[in-house]
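One structure below.
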Amino acid sequence: MEREHQCVVVTALCILLVTLAAGPLVPAINATDSADESVELYTSFAGNEEGVSVDRQLFVSPTQVPAQNISLEQTNTNSHRLEIPDALVYVETGSEPVAVTYRVSVPELDYSENATSSISPGTERSVPLSIPDGSVGDTENSSVEATVTVTAESDNMAFPVIEETVALEVPE
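In our numbering, the protein residues as written are 261 to 432.
Listed below in structure tokens is the structure:
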């Protein structure tokens, strides 16, 4: 019995010793790829396709584009009010000015509006984009599709940042 007790104590001490010795080294050990995990959350574009340089870089990230929050509200028997939430887009510009456009379109209701903001060269900031609520006609469909897009334009080149299509329930 005493021999079994000694084996248990020795095993426990070995485990404790290895744990204490390896503990400080754990942050230095990285078994994963060092790729930036936030890449999936952002869309970025470089202005010069032949050779990207720091002074021609453009980075655009859709911080808040609430396509799911667009709604139709009944105003009277022949029309509806399209409620459109504001968008927030983070932009870093290089040596060229950038125009960021937030567009909402509902083709079945003949509705298309946009908001554009011009950003100066060398700017890093969040850009709020607002489209006023709109009045639209009636439809016999129970739902319609709305398309929300954000694009960035720099040096006569347009880059899609996000495009999302959502179904809107038509209130009766």
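Glycine included, every Cβ here is placed at the ideal spot set by N, Cα and C.
Select from the options the residue whose C-alpha is nearest the C-alpha of residue i.
| i | options | result |
| --- | --- | --- |
| Asp203 | Glu384, Ile379 and Val358 | Any answer about residue 203 is impossible in this case: the structure gives the chain only from 261 up to 432. |
| Arg363 | Thr399, Gln317, Asp346 and Val404 | Asp346 |
| Ser386 | Asp393, Asn401, Val360 and Pro392 | Val360 |
| Glu424 | Met417, Pro431, Asp370 and Ala406 | Ala406 |
| Glu413 | Ser377, Asp393 and Pro431 | Ser377 |
| Ser372 | Thr353, Gly394, Glu333 and Gly354 | Gly394 |
Mind checking residue i: buried by the 16 CB within 10 Å criterion, or exposed?
| i | result |
| --- | --- |
| Val270 | exposed |
| Leu389 | buried |
| Thr335 | exposed |
| Pro431 | exposed |
| His340 | buried |
| Pro381 | exposed |
| Pro333 | In the sequence on display, residue 333 carries Glu and not Pro. Exposed. |
Alpha carbon to alpha carbon, how far is residue i from residue j?
| i | j | result |
| --- | --- | --- |
| Pro420 | Val278 | 53 angstroms |
| Glu429 | Ile344 | 14 angstroms |
| Ser331 | Thr383 | 33 angstroms |
| Val268 | Leu276 | 12 angstroms |
| Asn329 | Asn374 | 17 angstroms |
| Tyr302 | Ala427 | Caution is warranted here: a pLDDT of 44 is assigned to Tyr302, below 50, making its placement in the model unreliable, and the coordinate value is therefore given only provisionally. Cα to Cα, the separation comes out at about 24 angstroms. |
| Cys274 | Glu262 | 18 angstroms |
What whole-angstrom Cβ distance do residue i and residue j have, given they're in contact under 8 angstroms?
| i | j | result |
| --- | --- | --- |
| Ser408 | Ala327 | Residue identity check: residue 408 is Val in the sequence provided, not Ser. With a Cβ gap of about 4 angstroms, Val408 and Ala327 count as contacting. |
| Val404 | Val366 | 6 angstroms |
| Ile379 | Val351 | 5 angstroms |
| Thr411 | Glu368 | 22 angstroms between Cβ atoms; not a contact. |
What three-state label does DSSP hand residue i in the structure shown?
| i | result |
| --- | --- |
| Ile344 | coil |
| Thr376 | strand |
| Glu262 | helix |
| Pro420 | strand |
| Val352 | The amino acid occupying residue 352 in the given sequence is Glu; Val does not appear at that position. Looking at Glu352 - three-state DSSP - the assignment turns out to be strand. |
| Glu368 | helix |
| Thr399 | coil |
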